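If you read the sequence shown in full-length UniProt numbering, its first letter stands for residue 1, the second for the next number, and so on. Beta carbons are placed, not taken as given, at the ideal position from N, Cα and C, and that holds for glycine. All figures in this text were calculated on a predicted structure; none of them were measured in a lab. Reading through the C-alpha cells given below for one structure.
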Amino acid sequence: MDYKKISEELSRKMLAYIKDSSGWKEIKTGKLISVSVRPSADYPGNIYRVEATMEQPAEKIFPFMYLPEHRTKWDKSLQSYKIIETLDQDTAIYYSVTHSFGLGLVPPRDFVYLTHIKKYNGLLTTNSTSVEHPKYPPTSSCIRGQAYPSSYACYPLPENPKHCRMMAIVQVDLGGMLLPSIVQSVLPTSLMNLVTDCRAGIKTLKE
C-alpha cells in the first residue's frame with residue numbers, strides 16, 4: 001500500500017473540503033459550537049462538520065487533538081488510541097477503540113487509519129482515512145469501523161490570534177447493523193462532546 005501517495009491525495013482533498021462552505025445544513029448548536037451535515041461524495045452516507053471557537057492559540061490546540069499522549073487524557077469517547085507505525089515525521093498509522101455511545105445504542109468500534117499532518121500558512125490540519133495494516137486485522141471481538149477522508153483543522157482568529165477556530169470534518173461508517181437513523185442521531189452529539197471534552201482537557205492542562 002502506497003501510504004505516501006494516499007497521504008498526499010488525502011491532504012489535497014481535505015483542504016478542498018475545509019475551504020468549501022457550500023451545501024452544509026446546520027443541525028445542532030451549543031456554546032460557540034455548530035454541527036453541520038451534507039451528503040458525502042466518498043461513501044453512501046453523510047459528512048459532518050463541527051466548528052468551534054477555542055480560547056487558546058491554534059499552535060496549542062493542534063497537538064492536543066491528535067497526539068496520543070494528549071488525546072488519551074481528555075477524549076472520553078476512546079478506550080484506546082495509539083500509533084502503531086510511524087512512517088515519517090508527519091505521517092503515522094493509528095489504532096483506536098471507542099467506548100460504546102449513544103446510551104449504548106452503538107457498541108465499541110475499532111479503527112485503523114493513516115493520519116498525515118499538513119500545515120498551510122497558519123492553517124494546521126490532520127488528515128485521516130482508514131487503511132489496512134497486517135498487524136491489526138479485523139477481529140470478532142470488536143466491530144471494525146471505516147473512516148473515510150476526515151480532518152481536524154485549527155487556524156487563528158483574525159480578530160484575536162490568541163484564540164482559534166477549530167474544525168473537524170468527519171465521515172465514518174460505523175459498521176454492523178446500525179439503522180441510519182441511529183447514526184444520524186448519535187454522531188452530532190458525539191461531535192459536540194468532542195469539543196466540550198477538548199475544552200475541559202485544555203483547561204486542566206492550563207491549571
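So, helix, strand or coil for residue 110, using DSSP?
In the structure shown, the three-state DSSP call for residue 110 is strand.
Count the other C-beta atoms from every protein chain shown that fall within 10 angstroms of the C-beta of residue 1, then say buried if there are 16 or more, exposed otherwise.
Exposed, since its Cβ has fewer than 16 Cβ neighbours within 10 Å.
With DSSP as the reference, please indicate the residues paired to residue 208 in a beta bridge.
Nothing about residue 208 can be read from this structure; the chain reaches only from 1 to 207.
Have a look at the DSSP bridge pairing and note the partners of residue 30.
33, per the DSSP bridge assignment.
Which of the three DSSP states, helix, strand or coil, is assigned to residue 88?
In this structure, residue 88 counts as strand in the three-state DSSP scheme.
Buried or exposed by the 16-neighbour rule on C-beta atoms within 10 Å, applied to residue 132
Residue 132 comes out exposed.
Outcome for residue 5 when other beta-carbon atoms lying within 10 angstroms are tallied against a minimum of 16
So residue 5 counts as exposed.
Just the C-alpha distance for residue 15 and residue 141, rounded to the nearest angstrom, thanks.
Looking at the two C-alpha atoms, the distance is approximately 35 Å.
What three-state label does DSSP hand residue 97 in the structure shown?
For residue 97, the secondary structure class from DSSP, reduced to helix, strand or coil, is strand.
Can you tell which of 125, 12 and 168 has its C-alpha closest to the C-alpha of residue 90?
Check the Cα spacing between residue 90 and each of 125, 12 and 168: the tightest is with 125.
Counting C-beta neighbours from all protein chains within 10 Å, is the total for residue 54 16 or more, i.e. buried, or is it exposed?
If you draw a 10 Å sphere on the C-beta of residue 54, you find 16 or more other C-beta atoms in it, and that means buried.
Which residues DSSP lists as bridging residue 7, in chain order:
Its beta-bridge partners do not exist; DSSP assigns none.
Flag this pair as yes or no: are the beta carbons of residue 48 and residue 187 separated by less than 7 Å?
Cβ distance < 7 Å, so residue 48 and residue 187 count as in contact.
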